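Under mature numbering (1 follows the signal peptide of the UniProt record, and there is no 0), the letters of the sequence shown match residues -19 to -1, 1 to 183, in that order.
Glycine residues also receive a C-beta, built at the ideal position from the N, C-alpha and C atoms.
All values reported here derive from a predicted model rather than from experimental measurement.
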Amino acid sequence: MRLYITLGLITVSFSAVFALRCHQCKYKYNSSVECRQNLTKCPLQCGSITIYNNGSTLDRSEKNCTDPAVCVTDAIHFGQNKMTFNPQCCDTDLCNAEEAPALLRYFNGMMCYTCDMFNKDCSKIVTCSGDQNMCFSSKVNIIDMNTKGCASDILCGNNLLNTLGSISGTHKCCEGILCNSGQSLKKSLFPLLVPLLSLLFL
(Lines of atoms letter the chains of each structure in order from A and count residues from 1; the text may use other names and numbers.)
(Lines give C-alpha, C1' and ligand atoms only; values in the text may rest on other atoms or scores of the structure.)
Protein backbone atom coordinates (compact mmCIF):
# COMPACT_ATOMS: atom_id res chain seq x y z
CA MET A 1 0.00 0.00 0.00
CA ARG A 2 2.79 2.41 0.89
CA LEU A 3 4.44 1.65 -2.45
CA TYR A 4 1.25 2.56 -4.35
CA ILE A 5 0.86 5.79 -2.40
CA THR A 6 4.50 6.69 -3.02
CA LEU A 7 4.20 5.98 -6.75
CA GLY A 8 1.01 8.03 -6.89
CA LEU A 9 2.68 10.99 -5.22
CA ILE A 10 5.67 10.72 -7.56
CA THR A 11 3.32 10.70 -10.56
CA VAL A 12 1.48 13.77 -9.28
CA SER A 13 4.79 15.51 -8.59
CA PHE A 14 6.12 14.78 -12.08
CA SER A 15 2.85 16.00 -13.61
CA ALA A 16 3.09 19.22 -11.63
CA VAL A 17 6.75 19.71 -12.57
CA PHE A 18 6.30 19.04 -16.29
CA ALA A 19 3.00 20.92 -16.78
CA LEU A 20 3.70 24.12 -18.69
CA ARG A 21 2.12 27.41 -17.69
CA CYS A 22 0.73 29.15 -20.76
CA HIS A 23 -1.13 32.36 -21.57
CA GLN A 24 -4.75 31.82 -22.54
CA CYS A 25 -7.03 34.21 -24.38
CA LYS A 26 -9.34 34.28 -27.38
CA TYR A 27 -10.38 36.85 -29.94
CA LYS A 28 -8.72 40.06 -30.98
CA TYR A 29 -10.60 42.30 -28.56
CA ASN A 30 -8.85 40.76 -25.55
CA SER A 31 -6.12 43.17 -24.50
CA SER A 32 -2.62 41.94 -23.80
CA VAL A 33 -3.12 42.74 -20.08
CA GLU A 34 -6.27 40.59 -19.91
CA CYS A 35 -4.57 37.84 -21.85
CA ARG A 36 -1.55 37.65 -19.57
CA GLN A 37 -3.80 37.47 -16.52
CA ASN A 38 -5.44 34.31 -17.88
CA LEU A 39 -3.01 31.43 -17.30
CA THR A 40 -3.51 27.72 -17.81
CA LYS A 41 -1.47 24.53 -17.44
CA CYS A 42 -0.70 22.57 -20.59
CA PRO A 43 0.66 19.03 -21.01
CA LEU A 44 2.58 19.50 -24.26
CA GLN A 45 3.13 23.00 -25.63
CA CYS A 46 1.91 26.57 -25.48
CA GLY A 47 0.72 28.20 -28.66
CA SER A 48 -0.36 31.42 -30.30
CA ILE A 49 -2.32 31.54 -33.54
CA THR A 50 -3.58 34.29 -35.82
CA ILE A 51 -6.13 33.66 -38.55
CA TYR A 52 -6.46 36.27 -41.30
CA ASN A 53 -9.35 36.58 -43.74
CA ASN A 54 -8.45 37.80 -47.24
CA GLY A 55 -4.90 38.66 -46.29
CA SER A 56 -5.47 41.73 -44.15
CA THR A 57 -8.56 41.51 -41.92
CA LEU A 58 -7.75 39.85 -38.61
CA ASP A 59 -10.42 37.27 -38.00
CA ARG A 60 -9.14 35.72 -34.80
CA SER A 61 -6.18 35.70 -32.44
CA GLU A 62 -5.85 33.05 -29.76
CA LYS A 63 -3.39 31.76 -27.17
CA ASN A 64 -3.81 28.41 -25.47
CA CYS A 65 -2.48 24.87 -25.07
CA THR A 66 -1.68 23.20 -28.36
CA ASP A 67 -0.37 20.01 -29.91
CA PRO A 68 2.82 20.00 -32.03
CA ALA A 69 0.90 18.14 -34.76
CA VAL A 70 -1.19 21.22 -35.60
CA CYS A 71 1.71 23.68 -35.65
CA VAL A 72 1.66 24.02 -39.42
CA THR A 73 1.88 27.49 -40.92
CA ASP A 74 -0.23 27.62 -44.04
CA ALA A 75 -3.10 29.16 -45.96
CA ILE A 76 -6.18 27.99 -47.81
CA HIS A 77 -7.41 29.99 -50.79
CA PHE A 78 -11.10 29.77 -51.74
CA GLY A 79 -11.10 32.44 -54.43
CA GLN A 80 -13.33 35.03 -52.79
CA ASN A 81 -12.03 34.08 -49.37
CA LYS A 82 -8.45 33.43 -48.35
CA MET A 83 -7.73 32.16 -44.87
CA THR A 84 -4.17 32.36 -43.57
CA PHE A 85 -3.39 30.75 -40.24
CA ASN A 86 -0.03 31.04 -38.52
CA PRO A 87 0.35 28.95 -35.35
CA GLN A 88 3.50 29.33 -33.29
CA CYS A 89 4.27 26.71 -30.65
CA CYS A 90 6.78 26.70 -27.81
CA ASP A 91 7.64 24.57 -24.79
CA THR A 92 8.74 26.87 -21.97
CA ASP A 93 6.69 28.58 -19.27
CA LEU A 94 4.63 31.55 -20.52
CA CYS A 95 6.42 31.49 -23.88
CA ASN A 96 3.29 32.39 -25.88
CA ALA A 97 3.05 35.99 -24.70
CA GLU A 98 3.25 37.51 -28.19
CA GLU A 99 0.70 37.20 -30.98
CA ALA A 100 1.82 35.18 -33.99
CA PRO A 101 2.54 37.60 -36.88
CA ALA A 102 0.66 37.70 -40.17
CA LEU A 103 2.19 35.94 -43.18
CA LEU A 104 3.24 37.55 -46.45
CA ARG A 105 2.25 35.55 -49.53
CA TYR A 106 3.34 35.82 -53.18
CA PHE A 107 1.83 34.25 -56.30
CA ASN A 108 3.70 31.09 -57.34
CA GLY A 109 2.24 30.22 -60.77
CA MET A 110 -0.08 27.46 -59.53
CA MET A 111 -3.78 27.75 -60.45
CA CYS A 112 -6.87 25.91 -59.20
CA TYR A 113 -10.60 25.98 -59.79
CA THR A 114 -12.70 27.73 -57.17
CA CYS A 115 -16.41 28.26 -56.60
CA ASP A 116 -18.35 31.52 -56.71
CA MET A 117 -20.72 31.48 -53.74
CA PHE A 118 -23.10 33.96 -55.38
CA ASN A 119 -23.83 32.29 -58.73
CA LYS A 120 -22.75 28.73 -57.78
CA ASP A 121 -20.19 28.64 -60.59
CA CYS A 122 -17.19 26.37 -59.95
CA SER A 123 -15.44 27.11 -63.24
CA LYS A 124 -13.61 30.19 -61.96
CA ILE A 125 -9.82 30.07 -61.55
CA VAL A 126 -7.81 31.29 -58.59
CA THR A 127 -4.05 31.90 -58.52
CA CYS A 128 -2.20 30.25 -55.64
CA SER A 129 0.52 31.79 -53.49
CA GLY A 130 3.37 30.87 -51.17
CA ASP A 131 3.79 27.11 -50.79
CA GLN A 132 0.27 26.31 -52.06
CA ASN A 133 1.29 23.73 -54.67
CA MET A 134 -1.90 21.62 -54.71
CA CYS A 135 -5.60 22.06 -55.44
CA PHE A 136 -8.36 20.76 -53.17
CA SER A 137 -12.07 20.02 -53.20
CA SER A 138 -14.18 19.63 -50.07
CA LYS A 139 -17.79 18.65 -49.51
CA VAL A 140 -20.03 18.81 -46.43
CA ASN A 141 -22.38 15.89 -46.82
CA ILE A 142 -25.05 16.94 -44.33
CA ILE A 143 -25.91 20.19 -46.11
CA ASP A 144 -24.57 19.29 -49.57
CA MET A 145 -21.99 22.06 -49.65
CA ASN A 146 -18.87 22.19 -51.84
CA THR A 147 -15.83 24.41 -52.11
CA LYS A 148 -12.50 24.38 -53.98
CA GLY A 149 -9.21 26.22 -53.94
CA CYS A 150 -5.47 26.11 -53.22
CA ALA A 151 -3.60 24.37 -50.40
CA SER A 152 -0.08 23.12 -49.72
CA ASP A 153 1.10 19.52 -49.74
CA ILE A 154 1.92 19.91 -46.04
CA LEU A 155 -1.65 20.93 -45.25
CA CYS A 156 -3.11 18.21 -47.46
CA GLY A 157 -1.06 15.54 -45.70
CA ASN A 158 -1.36 16.98 -42.21
CA ASN A 159 -3.77 15.77 -39.53
CA LEU A 160 -5.41 19.19 -39.64
CA LEU A 161 -6.95 18.71 -43.07
CA ASN A 162 -7.74 15.07 -42.31
CA THR A 163 -9.65 16.22 -39.24
CA LEU A 164 -11.49 18.86 -41.25
CA GLY A 165 -12.46 16.15 -43.70
CA SER A 166 -13.79 13.83 -41.01
CA ILE A 167 -15.77 16.64 -39.39
CA SER A 168 -17.14 18.30 -42.51
CA GLY A 169 -17.57 15.37 -44.87
CA THR A 170 -14.96 14.54 -47.52
CA HIS A 171 -11.98 16.30 -49.02
CA LYS A 172 -9.54 15.58 -51.82
CA CYS A 173 -6.23 17.15 -52.83
CA CYS A 174 -4.59 16.79 -56.24
CA GLU A 175 -1.39 17.81 -58.02
CA GLY A 176 -1.23 19.80 -61.23
CA ILE A 177 -2.63 23.07 -62.52
CA LEU A 178 -6.46 23.10 -62.55
CA CYS A 179 -6.65 19.46 -61.39
CA ASN A 180 -9.75 20.03 -59.21
CA SER A 181 -12.22 20.52 -62.05
CA GLY A 182 -15.56 21.44 -60.83
CA GLN A 183 -19.06 20.88 -59.70
CA SER A 184 -21.74 23.32 -58.65
CA LEU A 185 -21.56 25.11 -55.31
CA LYS A 186 -24.36 25.23 -52.75
CA LYS A 187 -22.59 27.40 -50.19
CA SER A 188 -19.13 28.48 -49.14
CA LEU A 189 -17.32 26.30 -46.60
CA PHE A 190 -15.16 29.20 -45.41
CA PRO A 191 -17.35 30.35 -42.48
CA LEU A 192 -17.13 26.83 -40.98
CA LEU A 193 -13.35 26.47 -41.14
CA VAL A 194 -12.38 29.17 -38.63
CA PRO A 195 -14.26 27.64 -35.68
CA LEU A 196 -13.03 24.16 -36.67
CA LEU A 197 -9.42 25.33 -36.65
CA SER A 198 -9.99 26.93 -33.28
CA LEU A 199 -11.28 23.64 -31.89
CA LEU A 200 -8.15 21.87 -33.13
CA PHE A 201 -5.92 24.45 -31.47
CA LEU A 202 -7.38 23.88 -27.99
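For D102, the enclosing beta strand (DSSP E) starts and ends at 102 to 110. In the three-state reduction of the DSSP assignment, D97 falls in the strand class, which pools E and B. Listed in chain order, the non-local C-beta contacts of D74 below 7 angstroms within the same chain comprise L1, R2, local neighbours out to five positions each way being set aside.
The distance from the Cβ of C137 to that of F117 is about 7 angstroms, consistent with a contact at the 8 angstroms cut-off. I135 and L20 have their alpha carbons spaced roughly 31 angstroms apart. The Cβ-Cβ distance between Y87 and I106 does not fall below 8 angstroms.
Ranked by how close their Cα comes to the Cα of T128, the residues S104, S110, Q113 have S104 in first place. Excluding the 5 residues flanking it on each side, P82 has same chain C-beta neighbours closer than 8 angstroms at T31, N67, in chain order.
Look at C137 here: in three-state DSSP terms it is helix. If you check the CB distance, N89 and Q113 come in under 8 angstroms. Contact check for C70 and K44: beta-carbon distance about 11 angstroms, past the 8 angstroms limit, so the pair fails to qualify.
Comparing C-alpha distances from V51 to each of L25, H58, Y33 shows the shortest one belongs to L25. Residue pairing from DSSP places N45 in a beta bridge opposite G28. Going by C-alpha positions, C155 is about 15 angstroms away from T108.
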